[in-house]
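Data block below; observations after.
2 protein chains.
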Amino acid sequence: MTKKTGGPSTYDVAKLAGVSQMTVSRVMSGKGYASENVVARVQEAAGKLGYVPNRIAGALAGKKAALVGVILPAVSNVVFAEVLQGLNEGLAESGLKPVFGVSGYDQQEEERLVRDMLSWQVSGLVLTGLEHTAATRAMLASHSTAVAEVIDVDGEPIAACFGLSHAKAATDMAQHLLTKGYRRFGYVGCNLERDLRAGKRRKAFVETVVAGGGEFVGEACDDAPSSMLHGRVLTDRLMAAAERPEAIYFSNDDMAAGGLMYCLANGLRVPDDIALASFNGLEFLEALPLQITTSRSPRRKIGLLAGHYLALRNDGKDALDKVELSAELISGQTS
Amino acid sequence: MTKKTGGPSTYDVAKLAGVSQMTVSRVMSGKGYASENVVARVQEAAGKLGYVPNRIAGALAGKKAALVGVILPAVSNVVFAEVLQGLNEGLAESGLKPVFGVSGYDQQEEERLVRDMLSWQVSGLVLTGLEHTAATRAMLASHSTAVAEVIDVDGEPIAACFGLSHAKAATDMAQHLLTKGYRRFGYVGCNLERDLRAGKRRKAFVETVVAGGGEFVGEACDDAPSSMLHGRVLTDRLMAAAERPEAIYFSNDDMAAGGLMYCLANGLRVPDDIALASFNGLEFLEALPLQITTSRSPRRKIGLLAGHYLALRNDGKDALDKVELSAELISGQTS
DNA sequence: CCACAATATGTTTGCGCAAACATTCGTCAA
DNA sequence: TTGACGAATGTTTGCGCAAACATATTGTGG
């Protein structure tokens, strides 16, 4: 008798097809033997009843769910959407299904989400960055779930790690701008307290320009989430200061695009009056009137590697668990 | 004995705390009575063992999972990120956890995802738009899961529906442009085959301008996903045609921003040479050198309403199940 | 000081499935 | 003809939890 639990079960299908529940289970999963006759009868019965297997029960019986938990700081950012896309591709063959959580760049929230994911018995977990609360690390240590940390490699990974050195990307950019002859630098960014990768880039950038004989003359930052509008406002603020920089490094492309809009709207010549550089290399930059100098992060590739890793680990196989990719510096028209 | 199943169970905690499994269950869920002494002992034991409740088992025993499935066409689009944000807020109190799937604007994929979500026994489902395959509708009809369709209201909802009339938004915009004196119109869009809302806007726009004495002189469309870059390229294509429009309606803000970039880069005066209008009212428009005329869609509100609805339904309560919100026309500097 | 409620705990049961272990049947080589 | 093996199916069991149903153990008013 079909309970109010969400639909027919193997019991109902079995009765209708005149076979045992186990046979239904076998036909549905395609594992084990079944005669063509029985397969046909079971499938017909299942179709007639609108049977959908209960994976909750399947996961409980099989002791693990074909789920991977993915915890991202934000979804409004295309960067993470692209990581996700790569992950989906990397996972596609494996039957693993990604389940998302959004931490809002908050380690406490991340901890909550990790606990949640573990409680769903996920067979793999994707985390952003290498910084987590002690409790998060403890939980992960005591569970055997495979963990892949993505985006960043500057730190101590828990286990597998796929990303790039943000410090290096910023250092390269600083070097590039120094080589171009710029000496007086500014920085525009936001969400630095929470977006640790952006913080690492800022730090490396400042250190490199100073070490290279440049001068760091000022910055405009705040804690709001990054956006084009914010980039425009903060660039305005920075340029209003007594000492104007010759070149500005932005926390990311959105902010830099806002900076460019500020320049366009205020008649500043780029790069003669002010040079602009940023990080990510998102596609929308190509739509702007000037190509912004930036570093392209291998976002899709990162997701793909993480997906492959978790798929292999799920099959009990070992897999390449540390890959440092590099960001490609794109010299545009704004520097 | 802790099996290799992913950690300690209530059994282990119970033994360590010297109580029954049921008492552990009660302490963990906070339901039912428990003395302070026992609560403390159980929590200590749970902490010591790193116990994380197995919600798979809980869901099976309780006959339903505290999950809501959310199927969106894309995550790279801020629109959906904002809907998601509202949904999270609407769901926050309820203990329901959203699980996402991305359909890529493909109804077949949506069908697969719905099946998947149902197999996880979700207690609610959020779908985008009102168009689904027959099989999807059949599945939903035979399961008792609450369903909320969001974004669009132009059609026959399965059950609950929270969104806006895209036809009306486009009609309003057409009227607005007619009132402003424009008579020769063009359209730039993409992904129309799949993004049915965009298609509805286009159709209503064309009909309204023609009915209002205007002329529809041409359009540039293709099947790629929408992006600023694409908007720029397609605007170029449209403007290269023999008969140039006085005003262009874009499928959305990204495309329109691309159009604006085209104009800036090619020295076209906006709105004198060409007027631009679009749909969504995303924040990034405020960063652009000119405010683009657009309609603001109540994205967060839509998510919030859907979240509240599903939370109430999950508690067995009835809830407001149809809300048509309206898009606010924002008259910018590009028309 | 008892009756009865409120509180505090324990025991049994079953959710739906699949692993593990039977059992039946047919086929083919010896 | 037999028996041995694989193919095809059935039966039993338990995953971890929580609902349902006991059974103590307190406290409180009459």
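These protein sequence lines are chains A and B, in that order.
Here my numbering is used: the first residue of the first sequence is 1, the next is one more, and so on.
Here my numbering is used: the first residue of the second sequence is 336, the next is one more, and so on.
Just so it is clear, CB atoms sit at the ideal spot from N, CA and C, and this is done for glycine as well.
This structure is a prediction, so every number in the text was calculated from the model and none was measured.
Give the residues of chain B in contact with A:A311, contact being defined as C-beta atoms less than 8 Å apart. Correct list: empty, because the minimum Cβ distance to chain B is about 17 Å.
Mind reading off the beta-carbon distance from B:V374 to B:V348? Whole number of angstroms is fine, and I expect it under 8 Å. Contact doesn't hold; Cβ gap of about 12 Å is too wide.
Rounding to the nearest angstrom, what Cα-Cα distance links A:S142 and B:Y386 in this structure? Distance between the alpha carbons of A:S142 and B:Y386 is about 9 Å.
How would you label B:G524, buried or exposed, when you count the other beta carbons within 10 angstroms and need 16 or more for buried? buried
Should B:V552 and B:E578 be called a contact, given that it needs their Cβ atoms to be closer than 8 Å? Their beta carbons are under 8 Å apart, which means B:V552 touches B:E578 by this criterion.
Using the beta-carbon count (16 or more within 10 Å), is A:V210 buried or exposed? The residue in question, A:V210, is exposed, as its Cβ has fewer than 16 Cβ neighbours within 10 Å.
Which residues in the same chain have their Cβ closer than 8 Å to the Cβ of B:Y517, if we skip the five residues on either side of it in sequence? G549, E581, A582, A610 and S670
Hey, how far is the Cα of A:Q85 from the Cα of A:I151? 14 Å
With B:D507 as the anchor, note down where its alpha helix (DSSP H) starts and where it stops. H501 to T514
Strictly by DSSP, which residues pair up with B:N615? Answer by DSSP bridge pairing, in chain order: B:R631.
Burial state of A:D315, where buried means 16 or more other Cβ atoms lie within 10 Å: Under this definition A:D315 is an exposed residue.
A:S297 and A:H176 closer than 8 Å at C-beta: no
Could you run through the region 422–449 of chain B and flag, in chain order, every residue whose CB is less than 7 Å away from some CB of chain A? K432, V434 and F435
Which two residues bound the contiguous beta strand (DSSP E) that contains B:V658? K657 to L660
Buried or exposed, going by whether 16 or more other CB atoms sit within 10 Å of the CB of A:K3? Summary for A:K3: the model assigns pLDDT 37, below 50, so the residue's position carries little reliability; its value from the coordinates is reported in the next sentence. Exposed.
Determine, using beta carbons only, whether A:H143 comes closer than 8 Å to chain B. Closer than 8 Å: yes.
Within 10 angstroms of the Cβ of A:M255, are there 16 or more other Cβ atoms? Answer buried if so, exposed if not. buried
So that I know if they touch, is there some Cβ in chain A lying closer than 8 Å to that of B:E379? no
Start and end of the alpha helix (DSSP H) containing A:E111? Q107 to S119
A:G50 versus chain B: which residues are under 9 Å apart at the beta carbon? A473, M474, A476, S477 and H478
What does DSSP give as the partner residue(s) for A:G163 in the beta ladder? According to DSSP, A:G163 shares a beta bridge with A:I151 and A:E324.
Residue nearest to B:T543 in terms of C-alpha spacing, selected from B:D607, B:D530 and B:Y584: Comparing Cα positions, the closest option is B:Y584.
Measuring only between beta-carbons, confirm whether A:G332 sits less than 8 Å from chain B. Residue contact check for A:G332 against chain B: no CB pair falls below 8 Å.
Own chain partners of B:L527 with C-beta closer than 8 Å, once the 5 adjacent residues on each side are dropped: A533, G534, R537, C556, D558 and S586
C-alpha gap between B:R390 and A:Q108, whole angstroms: 21 Å
Cβ shell of A:M173 (< 7 Å), same chain only, five flanking positions each side left out: Closer than 7 Å at Cβ, skipping near neighbours: F205, Y249, A277, S295 and L329.
Going by alpha carbons, who is nearest to A:Q121 out of A:F185, A:A61 and A:S227? A:A61
Any idea what DSSP makes of A:L60, helix, strand or coil? helix
Quick check on B:E663 - is its C-beta less than 8 Å from some C-beta in chain A? No, its Cβ sits nowhere closer than 8 Å to a Cβ of chain A.
Distance, Cα to Cα, B:L645 vs B:M452? C-alpha separation (whole angstroms): 15 Å.
Chain-ordered residues of the region 554–582 of chain B with a beta carbon less than 9 Å from chain A: Going along the region 554–582 of chain B in chain order, one finds S562, M563, L564, H565, G566, R567 and V568 with a Cβ nearer than 9 Å to chain A.
Taking C-beta to C-beta, are B:M574 and B:M596 nearer than 8 Å? No; because the gap between Cβ atoms is not below 8 Å, this pair is not in contact.
Unbroken beta strand (DSSP E) runs of length 3 or more, entirely within the region 540–590 of chain B: which are they? 550–557 and 582–585
Tell me whether A:K3 sits in a helix, a strand or coil according to DSSP, three-state version. With a pLDDT of 37 at A:K3, under the threshold of 50, the modelled position of this residue cannot be trusted, and the question is left open.
Per DSSP, what are the beta-bridge partners of B:T463 in this structure? B:V485
Does DSSP put A:L288 in a helix, a strand or coil? coil
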